[in-house]
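Peer 1: Mapping of the sequence shown onto numbering that gives the first Met the number 0: position 124 corresponds to residue 123, and the numbering continues sequentially without gaps. First the structure, which I've put down as structure tokens, then a few questions once you've had a look.
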Amino acid sequence: MKKLLLYIAFVCLMQSAFAQGFTLNPKVSKGQGPASNFQIDAKSIFTNNSNDSVFEWVVLEVTATSGWAFGMCDPGNCLTDLVVGSKSEFTLGKGKSGEFKGDFVPDGKSGSGKGKVLVYSKANPTTIFDTLEFQMSAWPTSVKEVQATREFNFYPNPAKDRLTIRYNAKENTSIDIYNVLGSKVKTVVLNGFETDINIGDLQNGIYFIRFKDANNQTVSKPFTKSE
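Below, the structure is given as structure tokens:
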């Protein structure tokens, strides 16, 4: 019972410290638009409720359609081409508010992307902190791209050892598989309506299938490799 009371007291203390820190509204911010946009962004308002004035943030996760680039502005700086581990700091006084803006550059490719960052006080990182997430999606902007997306599909997703791809192409089609860091991990030739791919050698995580269809349009689709 004593341990339980101590735990409750600890949780209340942490919540109290957090409540006096800062707020992010919203903590999960979403944006969407056509793939033809130069960039697709989402915003969150940071309000400092603490006596601290210097804050840092670090990128925890970036998952996106191959070729997309993630960038973010905090209340004082703007950075582009962010990857896991990228970080920066900004200054904002007590009672002041500023804007976080995350963005992805779709470069004409439909798909989706997510960027997650940890924001914390430089002086009190273990008690004043929170996470912020940006989720963006871009829809196809041409009839050709829509048609190619509908014709191309795969299963299961998530996949464990094998991934079956269905694509009714008249000629053999070469597809590439990329990891979330943008590195090509596998190239496969589709030589029929249905092709079975061995992915048992890939590590667990999110990957992207990418190829050019008969109209020279880029098709990019994500899948998850899991146990």
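Built from N, CA and C at the ideal position, the CB exists for glycine as well. Computed from a predicted model, the values in this text were never measured in an experiment.
May I ask which residues mark the beginning and end of the beta strand (DSSP E) holding S173?
Peer 2: As a position in the sequence shown, residue 173 is number 174, starting the count at 1. Looking at the DSSP string, the run of the beta strand (DSSP E) that includes S173 is T172 to N178.
Peer 1: When the distance is taken between beta carbons, is S28 closer than 8 Å to F133?
Peer 2: In the sequence shown, counting from the first residue as 1, residue 133 sits at position 134. In the sequence shown, counting from the first residue as 1, residue 28 sits at position 29. A contact, by the Cβ cut-off of 8 Å.
Peer 1: Report the residue from K42, N24 and G20 whose alpha carbon sits nearest the alpha carbon of G30.
Peer 2: Residue 30 sits at position 31 when you count from the first residue of the sequence shown. The residue with the shortest Cα to Cα distance from G30 is K42.
Peer 1: If you follow the beta strand (DSSP E) that S120 is part of, which residue opens it and which one closes it?
Peer 2: The residue given as residue 120 occupies position 121 in the sequence shown. S120 -> beta strand (DSSP E) spans G110 to S120.
Peer 1: Tell me the rounded alpha-carbon separation between L78 and L189.
Peer 2: The sequence position of residue 78 within the sequence shown is 79, counting from 1. The sequence position of residue 189 within the sequence shown is 190, counting from 1. Cα to Cα, L78 sits roughly 39 Å from L189.
Peer 1: So, under 8 Å CB-CB, K224 and N203 are touching, yes? Tell me the CB distance rounded to an integer number of Å.
Peer 2: The residue labelled residue 224 in the question sits at position 225 within the sequence shown. The residue labelled residue 203 in the question sits at position 204 within the sequence shown. So it is a contact: roughly 5 Å between Cβ atoms.
Peer 1: Using 10 angstroms around the beta-carbon of Y154, count the other beta-carbons present and answer buried if the total reaches 16, otherwise exposed.
Peer 2: Taking the sequence shown and counting its residues from 1, the one referred to as residue 154 is at position 155. Burial call: exposed.
Peer 1: Starting from C224, trace the beta strand (DSSP E) in both directions and tell me its first and last residue.
Peer 2: Residue numbering aside, residue 224 sits at position 225 when the sequence shown is read from its first letter. Strictly speaking, residue 224 in this sequence is Lys, with Cys absent from that position. Element bounds for K224: T217 to K224.
Peer 1: Let me know if G114 comes out buried or exposed under the rule of 16 or more other beta-carbons within 10 Å of its beta-carbon.
Peer 2: Counting from one through the sequence shown, the residue named residue 114 turns up at place 115. Burial call: buried.
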